[in-house]
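The sequence shown begins at 2 in the numbering used here and counts up by one.
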Amino acid sequence: MVNYSYSEEGEVLVALMEGPIYMADAIAVGDFLMGSKEPNSQAKLILDFRKAKYNSSLASLSKIYEHQRERKRYFTSIREAIVTNSPLETALGFIYGKLCSNSANYQFKVFSAMEGALGWLSEPSPNASLNEINS
């Protein structure tokens, strides 16, 4: 099950994952994000897996990556954080991050605490222009 909320500032979409989570659930989060933001905008997302069990494999990461490519064309930039306390999900997160690392408009990090993820997402993007930083 996935529950959606926004950070206090309203800038970050938080997807709280609970129970068994499958590849389709991860793709649905991307669809929800695209449906909630205007095209050519900046997207910030946290996937909180601390109450979930991710039932997926390395093979499904490539399917999620294909969907991610569509999101990268929709937004000017995406910053995505995963929050997990599972060693397996941490490892899958790092592998996924490497898979996506060739994109200038996509940043991805894995965290063990929500505070760290929110802190990173509140920082200006290293690829941001001065106008984006000052606005």
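In this text, a Cβ means the ideal position worked out from N, Cα and C, and glycines have one as well.
As the structure is a prediction and not an experimental result, all values here were calculated from the model.
Of the other Cβ atoms in all chains shown, 16 or more fall within 10 Å of the Cβ of residue 90; this residue is therefore buried. With the rule of 3 Cβ pairs closer than 8 Å, the region 28–37 does not count as touching the region 92–112. Taking the CA atoms as reference points, residue 8 sits about 10 Å from residue 46. Secondary structure of residue 88 (DSSP, three-state): helix. DSSP places residue 44 in the uninterrupted beta strand (DSSP E) bounded by 43–55. Pairing residue 52 with residue 19 gives a Cβ-Cβ distance under 8 Å.
Residue 2 and residue 22 have their C-alpha atoms roughly 7 Å apart. Between the alpha carbons of residue 75 and residue 36 lies a gap of roughly 11 Å. Here residue 34 is actually not in contact with residue 70; their C-beta atoms are around 14 Å apart, not less than 8 Å. The beta carbon of residue 78 sits closer than 8 Å to the beta carbons of 43, 44, 106, 107, 108, 126, 128 and 129 from its chain, once the five residues preceding and following it are set aside; these are given in chain order.
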